[in-house]
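Engineer: Per this note's numbering, the very first residue in the sequence shown carries number 15; after that it's consecutive.
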Amino acid sequence: MGATPSVESAARGAKSQAALEFLKSGPKKLLIGGKWVAAKSGKTFETLNPANEEVLCLVAEGDKADVDEAVKHARKAFEEGKWATMGPHQRTRYLLKIADLIEKHAEELAELETLDNGKPIFESKNIDIPGAAETFRYYAGWSSKIYGDTNPSDPGMFNFTLREPVGVCGQIIPWNFPLLMAAWKIAPALACGNVVILKPAEQTPLTALRLGELILESGLPESVVQIITGFGPGAGSSIAEHPDIDKVAFTGSTEVGKLILKASTGNLKRVSLELGGKSPNIIFPDADMQSAVFGSMLGIFMNQGQVCCAGSRVFVQESMYDQFTDSLAQMAQSLTLGNPLETGTRMGPLVSKEQHERVLGYLEIGKKEGAKAKVGGEAGNQERGYFVKPTVFTDVKNSMKIAREEIFGPVAAAIPFKDENDAVFQGNDTTYGLAAAVWTRDISRAHKIARALKAGTVWINCYGMIDPMSPFGGYKQSGFGRELGKYAIDLYTQIKSVYTKL
Ligand code: NAI
Ligand code: MG
15 MGATPSVESA
25 ARGAKSQAAL
35 EFLKSGPKKL
45 LIGGKWVAAK
55 SGKTFETLNP
65 ANEEVLCLVA
75 EGDKADVDEA
85 VKHARKAFEE
95 GKWATMGPHQ
105 RTRYLLKIAD
115 LIEKHAEELA
125 ELETLDNGKP
135 IFESKNIDIP
145 GAAETFRYYA
155 GWSSKIYGDT
165 NPSDPGMFNF
175 TLREPVGVCG
185 QIIPWNFPLL
195 MAAWKIAPAL
205 ACGNVVILKP
215 AEQTPLTALR
225 LGELILESGL
235 PESVVQIITG
245 FGPGAGSSIA
255 EHPDIDKVAF
265 TGSTEVGKLI
275 LKASTGNLKR
285 VSLELGGKSP
295 NIIFPDADMQ
305 SAVFGSMLGI
315 FMNQGQVCCA
325 GSRVFVQESM
335 YDQFTDSLAQ
345 MAQSLTLGNP
355 LETGTRMGPL
365 VSKEQHERVL
375 GYLEIGKKEG
385 AKAKVGGEAG
395 NQERGYFVKP
405 TVFTDVKNSM
415 KIAREEIFGP
425 VAAAIPFKDE
435 NDAVFQGNDT
445 TYGLAAAVWT
455 RDISRAHKIA
465 RALKAGTVWI
475 NCYGMIDPMS
485 PFGGYKQSGF
495 GRELGKYAID
505 LYTQIKSVYT
515 KL
């Protein structure tokens, strides 16, 4: 690792010329006031390819001074009203244009995502990039469908409500789905007429920066979207604390979510939090076994398990515990772990050295607690890169640390249960409540359990389905507020009641 990164080496295997050119086009800057500018401090940081640990690119390290500058531009842009008071059909067109531009550059964005994050290109191409475009397209339609009410007031009065944008929104996102999370945040905020300051995760800034370029290309009015790369303490905390930011939307760890909430008290900014999870995935003997094994595999190994709604606690009815965990282990073993740029790869490296050490630490903790790694349980054999073998732990008790704490890696904790009540009791016995799944052919059992589980999303006979039309968010310490669907409109609007005396 040196001061002058060699893009050819760090990005070896990349096919998109556009992606390579983007990486080579020098240190990346901040998008402030409609222009790309260096951080005021002049500082930069490195973003790595986690598959080979080499530096892809230098990126501006924004901090408080840059956030202050961006907020000034954002406030001006919001109050001038070019965006907030633009006709809704026109706003729709901008969002559609951004969706089209994402699709037009899908190949390049997918490679940049895989280079920066390590996720298999198979996933970037089929999930992350199309999902981002679809999210913009879905919210494009919402601009013209944000209604107020006519309230049943006394005949001497006329009372109605307006739904107005919240104002300047700070949006802090994680590294696990970099472009998709940017879309989940930016698209509904724009549909409602807000202006946005986005802070991508320091591990994966590249696709958000490329999205910034595409947004400029779309002709969106100046300073409606600004992007500040940098670290949590610094760029992130300055957004969370800023007295002139009206709302913060955060996705990330529960620990940092609590800090964001504390920081919001200064000006009582609105907060929505999408935090961690330890989601129960419950399998009954009457389930379609092939789909249950496949779905459970996807639930915990997709994106190397770095998914907030990962099915990390696999509850299996005790009569079939050995058989099911054998099949899951077999399927885990068959996943191709390796170079994420290859189309046949199903698991790449974890995102960073920090996450690698963290997950390996949990593997040791699991073994010490008495769990058995039926498969995996160690780092990958690759010479370089942050690889971890897909792991299925058996003999796990719900009280063990590996069943209580979010590991955020390819580690399934398989736990036996007796009956429906036991499955629900153990499933709910967690501080989290982001998602859950149940596999059974008994339709009334499926629906009874779906109601009994304390989670923001429940999947029946599938895992991980997400669509921009349906809400996503957590119960308990998985956060509050619902993103996606019509529910995100609540996050990004405030309601005004207007009385007229007749
Ligand atoms: P993190 O919560 O520290 O980072 C998420 C985002 O918050 C990043 O943009 C980061 O720069 C920012 N941030 C960090 N500290 C901040 C602060 N004090 N004020 C404002 N912004 C701040 O997550 P990290 O450290 O990358 O991962 C640690 C663990 O968090 C993971 O192992 C996983 O368990 C969990 N996590 C959960 C995610 C989810 O989607 N629910 C996503 C990422 C991490
Ligand atoms: Mg952190």
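Ideal Cβ positions, reconstructed from N, Cα and C, are used throughout, including at glycine.
Note that this is a predicted model, so its numbers are computed, not measured.
1. Could you compute how far the alpha carbon of I135 sits from the alpha carbon of V406?
2. On the three-state DSSP scale, how would you describe K283?
3. According to DSSP, is E420 helix, strand or coil?
4. Should R327 be labelled buried (16 or more other beta-carbon atoms within 10 Å of its own) or exposed?
5. In the DSSP assignment, what are the bridge partners of E68?
6. Closer than 7 Å by C-beta to C206: which residues in its own chain qualify, once you throw out the five before and the five after it? Chain order, please.
7. Compute the minimum distance between the beta carbon of S252 and the heavy atoms of the ligand MG, and state whether it is under 8 Å.
8. What does the alpha-carbon distance come out to for the pair I200 and P299?
9. Starting from the Cα of Q320, find the closest Cα among F36, Y152 and I421 and give me that residue.
10. Below 6 Å CB to CB, which residues in the same chain sit around G181 once its five sequence neighbours on both sides are set aside?
11. Decide yes or no for the touch test of the stretch 99-112 against the stretch 263-282: beta carbon pairs closer than 8 Å, at least 3 of them.
12. Identify whether Q344 lies in helix, strand or coil by the three-state DSSP scheme.
13. Give, in chain order, every unbroken run of the beta strand (DSSP E) that is at least 3 residues long and sits entirely within the stretch 346-393.
14. Under three-state DSSP, which class holds S511?
15. If we define contact as Cβ-Cβ less than 9 Å, is K272 a contact residue for chain B?
16. Can we count I186 as close to the ligand NAI, meaning its CB is less than 8 Å from some heavy atom?
17. For the ligand MG, I want to know if S55 counts as a neighbour, meaning its beta carbon is within less than 8 Å of at least one of the ligand's heavy atoms.
18. In or out: C476 buried (at least 16 other Cβ within 10 Å) or exposed?
19. For G16, which residues from the same chain have a beta carbon less than 6 Å from its beta carbon, with the 5 sequence-adjacent residues on both sides left out?
20. I'd like to know whether the C-beta atoms of A196 and A222 end up nearer to each other than 9 Å.
21. Would the C-beta of G246 count as close to the ligand MG, meaning under 8 Å from any of its heavy atoms?
Structural biologist: So, to answer that:
1. 24 Å
2. coil
3. coil
4. buried
5. N63
6. I160, P179, I503, Y506 and T507
7. no
8. 43 Å
9. I421
10. F92 and D260
11. no
12. helix
13. 386-389
14. strand
15. No chain B is present in this structure, which holds just one protein chain.
16. yes
17. no
18. exposed
19. Because G16 carries a pLDDT of 46, less than 50, the predicted location of this residue cannot be relied on, and the following value inherits that uncertainty. Taken in chain order, the list of residues that qualify is empty.
20. yes
21. yes
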